[in-house]
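These notes concern the structure reproduced below.
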Amino acid sequence: MRSYGYASTWRRLIPGHLLVDADWLEPVEDLIARPDIRSRLRQHDLDRSYPRDVVEKLWSLGAGTAFDPDTATAAQIGALNELLARHSGSLAITIGVNGLALLPVYLRATPAQRDLVRVRQADGVLAGLLLTEWSHGSNLSRNTATATAIGPATGGDPSVGAAHRYRVAGEKHLINGGTEHDLLVTLLRLGQEDGPSTAEELFALFLIDRDDTVRPLPGWATLPVPAADISGVRFEGTLVPAERMIGAPGEGLEIIAQTLALSRGGIGALASGAVGGALAEALGYASTRDVYGGPIIGLGAIAEHLVRMRALDLLVSATSVKATVLSNAMGTAATHFTAVAKYACCALAEAAVGEGRAVLGARALLEETHYTGFVRDVLLYGVFDGTSHVILDQLRWRLRRFAAAAEAPAEPVARLADAYAAAPRALVDLARRRSRPYLPPIAARCAGLATASGSARVRDLHRLVSELCAVCARVPADADDQAWWFAAAAILAEAEALLAACELVDPDCRRALGLTGVHPEDLEGALDYALGWRCPELLGRLESLADDLGAPVTSPPGGTGADDAAADPVTSGRAAAGWTAARRRGRRALTGVGPGSHAERSSTEGLPS
0 MRSYGYASTW RRLIPGHLLV DADWLEPVED LIARPDIRSR LRQHDLDRSY PRDVVEKLWS
60 LGAGTAFDPD TATAAQIGAL NELLARHSGS LAITIGVNGL ALLPVYLRAT PAQRDLVRVR
120 QADGVLAGLL LTEWSHGSNL SRNTATATAI GPATGGDPSV GAAHRYRVAG EKHLINGGTE
180 HDLLVTLLRL GQEDGPSTAE ELFALFLIDR DDTVRPLPGW ATLPVPAADI SGVRFEGTLV
240 PAERMIGAPG EGLEIIAQTL ALSRGGIGAL ASGAVGGALA EALGYASTRD VYGGPIIGLG
300 AIAEHLVRMR ALDLLVSATS VKATVLSNAM GTAATHFTAV AKYACCALAE AAVGEGRAVL
360 GARALLEETH YTGFVRDVLL YGVFDGTSHV ILDQLRWRLR RFAAAAEAPA EPVARLADAY
420 AAAPRALVDL ARRRSRPYLP PIAARCAGLA TASGSARVRD LHRLVSELCA VCARVPADAD
480 DQAWWFAAAA ILAEAEALLA ACELVDPDCR RALGLTGVHP EDLEGALDYA LGWRCPELLG
540 RLESLADDLG APVTSPPGGT GADDAAADPV TSGRAAAGWT AARRRGRRAL TGVGPGSHAE
600 RSSTEGLPS
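Quick note, the sequence shown lines up with residues 0 to 608 if you use numbering that gives the first Met the number 0.
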């Protein structure tokens, strides 16, 4: 792995055996880090121009092989997403949507359809996924763009022969690649040409080649990813052979649900790349910016922002990596963890970029600086591929299940260990397997890992998730306050992020899970900081939710009372994680100075009072 500025935490945490066949990754990393390419990408953003020249260079280096319908893996696509997002959100989303659009192909396409996609991809043709319509947003079941079945072709058209066709009409909006991408995976309502429709509630997916009847609509000027092609498409009687339907009539919405279940882990990788890139920029700026007689990284407040960024970088990376690992091992059975990655990675990434913005000050808002790209682009990931509210709605139902099973026996770590050790699996094979969702209650997973590893960090986290489940279990069965449950689900998502970080960094957890490779010992300080910072913050939010129920948190399960400091989750969280010491270690690792040191005192001389 090459290192440009701050080494990628995502790449350090992903099990190395999942990327052994990604021969294209290092050349692509070399290319994208070149100053001239970075300059080109920045200019594309300023001009709002599609980065076709850079895309072509990526394909010439073999990046397109990551999407081969027969060999594409979750880890390779995630690695490409993370790498590109470290440098350019516009480029990352342009390439990332190609992988998103091809997921239905991996899920249900015929061998002939996969062959067609392989040829198109080899020729540099990118795919787009056409789902949403302006009037209906995320409610795809209300879409009105149609594919109307018509009879056998007449007039001896040799390109169609006797096959039935579909005539496509209608518009799709907010489409990434609506103008520039030529292979269009499109969700359409089915209809009949003659007589009343018998399939008016059925949807299907079609693989459509752009031709003169596919009209691009004006692009949208977006705040994030300004160089990406986010526009619309109008179909004006487009004829599509029946053999271009992916799956069977009526399966369109089902395939899309499975597609989104897999894709959301990839959004986590995009968010992870954005945080890694932002942290590298913030570190570089703070290490060289001299305002008061020395680099500002020696100032306590600046160092604190950077230590928080590093902790958030770890949480985002670990959550994304865990979702990628479980997707590779379990396919759509890992839906819960990809949803967690979609919500937690995006929310924490926004917080991390905000910390870096405080480091750069006004310079973070100048179009000519690289950091402003992260300020803009990180806002997209939380609404791309399903808004945060859609994801929280899914998580709240799982939290209800976890709360009902708060006293479940400890979950053995064997299945999780097998997932981390699983060989790379092609999405085309994995996506077609049918298995029950992997959804052990979070308290049972924490308890099992704490028992198997003996980790004090996980025992502390177990107290937090147990209290979360206990509070949720007190909600009356007939109560359905959506805002309350969304707030609780957000706590669950971040607790899952903390658990993922423990699994991948804590040495005792790594041994229990059989994780090999280089132990990221230098990340333990970031883990301790994250636990000592976020656990009390989450417990404070949980206190507020409990107050809404009229039953405030007093002590975690097994505690002896509110006066027992060892049982108090806030006190326990700070003590077990050694938060004060973790802050000192984290700042010293980044700056070479600690709170109260001579270097820090001298660096503040001349500060305005």
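Beta carbons: idealized from backbone N, C-alpha and C, even for Gly.
Please list the terminal residues of the continuous beta strand (DSSP E) segment that includes residue i.
i: D507; result: No beta strand (DSSP E) holds D507; the alpha helix (DSSP H) holding it covers 506 to 512.
i: G236; result: 229 to 240
i: H86; result: Where H86 is concerned, there is no enclosing beta strand (DSSP E), given that its DSSP letter is neither H nor E.
i: Y165; result: 164 to 175
With a Cβ-Cβ cutoff of 9 Å, do residue i and residue j count as a contact?
i: T231; j: K171; result: Sequence check: residue 231 is Gly here, not Thr. Against a cut-off of 9 Å, the Cβ pair of K171 and G231 comes out as a contact.
i: G127; j: T143; result: no
i: V116; j: L129; result: no
i: T8; j: S271; result: yes
i: E242; j: V213; result: no
i: D507; j: G447; result: no
i: R307; j: A351; result: yes
i: L79; j: V27; result: yes
i: V224; j: L394; result: no
i: R356; j: L364; result: yes
i: A343; j: A492; result: yes
i: V457; j: L498; result: yes
i: I296; j: P103; result: no
i: A418; j: A71; result: no
i: H86; j: L125; result: no
i: R37; j: A226; result: no
i: E280; j: L359; result: yes
Would you decide whether residue i is buried or exposed? Buried here means 16 or more other CB atoms lie within 10 Å of its CB.
i: W23; result: buried
i: N175; result: buried
i: R141; result: exposed
i: E495; result: buried
i: G560; result: Residue placement at G560 is poorly supported in this model, since its pLDDT is 37, which falls under 50; the coordinates are not used for a value here.
i: P14; result: buried
i: G160; result: At G160, the pLDDT of 41 sits below 50, so the modelled position is not reliable and the matter cannot be decided from this model.
i: Q120; result: buried
i: P436; result: exposed
i: W133; result: exposed
i: H43; result: buried
i: H388; result: exposed
i: T610; result: Given that the chain is displayed from residue 0 to residue 608, the structure contains no residue 610 and the question cannot be resolved.
i: W532; result: buried
i: H135; result: exposed
i: L12; result: buried
i: T323; result: buried
i: P475; result: exposed
i: R375; result: buried
Give me the residue from the options with the minimum Cα distance to residue i.
i: D384; options: I441, L426, A338; result: A338
i: L467; options: L311, A405, T109; result: A405
i: A220; options: A279, Y49, T72; result: Y49
i: F55; options: S137, L90, D417; result: As written in the sequence, residue 55 is Glu, which differs from the Phe given in the question. Among S137, L90, D417, the Cα nearest to that of E55 belongs to L90.
i: L530; options: A363, E502, D547, H518; result: E502
i: A416; options: R510, V374, L491; result: R510
i: R633; options: H16, P217, T237, A226; result: Here the chain has residues from 0 to 608 only, and residue 633 is not among them.
i: R309; options: V320, T450, Y291, G275; result: G275
i: E367; options: D20, L182, L40, D29; result: L40
i: E523; options: V382, L311, D52; result: L311
i: P411; options: D289, C445, Y528, D477; result: C445
i: R399; options: A487, A71, A422, S326; result: A487
i: G690; options: E179, L183, I207, V167; result: Nothing in the structure corresponds to residue 690, since the chain is present only between 0 and 608.
i: V19; options: L204, P34, A74, W396; result: A74
i: L201; options: L216, L182, V184, T147; result: T147
Which residue marks the beginning of the alpha helix (DSSP H) containing residue i, and which one marks its end?
i: V339; result: 334 to 339
i: H135; result: Element bounds for H135: n/a, residue is neither H nor E.
i: E349; result: 345 to 359
i: H461; result: 455 to 472
i: P26; result: 24 to 31
i: L544; result: 523 to 548
i: P34; result: 34 to 46
i: V324; result: 299 to 329
Could you round the C-beta distance between residue i and residue j to whole angstroms and report it? I think they count as a contact, below 8 Å.
i: R188; j: T145; result: 5 Å
i: L298; j: A430; result: Contact doesn't hold; Cβ gap of about 50 Å is too wide.
i: Y105; j: V377; result: Wrong, their Cβ atoms sit about 28 Å apart, outside the cutoff.
i: D211; j: G177; result: D211 to G177, Cβ: 16 Å. No contact.
i: A62; j: I76; result: In fact, because the Cβ distance is near 11 Å, the residues do not count as touching under 8 Å.
i: L164; j: P240; result: Residue identity check: residue 164 is Arg in the sequence provided, not Leu. 6 Å between Cβ atoms; contact.
i: R107; j: G330; result: So it is not a contact: roughly 13 Å between Cβ atoms.
Using beta carbons (cut-off 9 Å, strictly below), is residue i in contact with chain C?
i: A357; result: The structure shown has no chain C; it contains just one protein chain.
Compute the minimum distance between the beta carbon of residue i and the heavy atoms of the ligand ADP, and state whether it is under 8 Å.
i: C445; result: The ligand ADP is not part of this structure, which contains no ligands at all.
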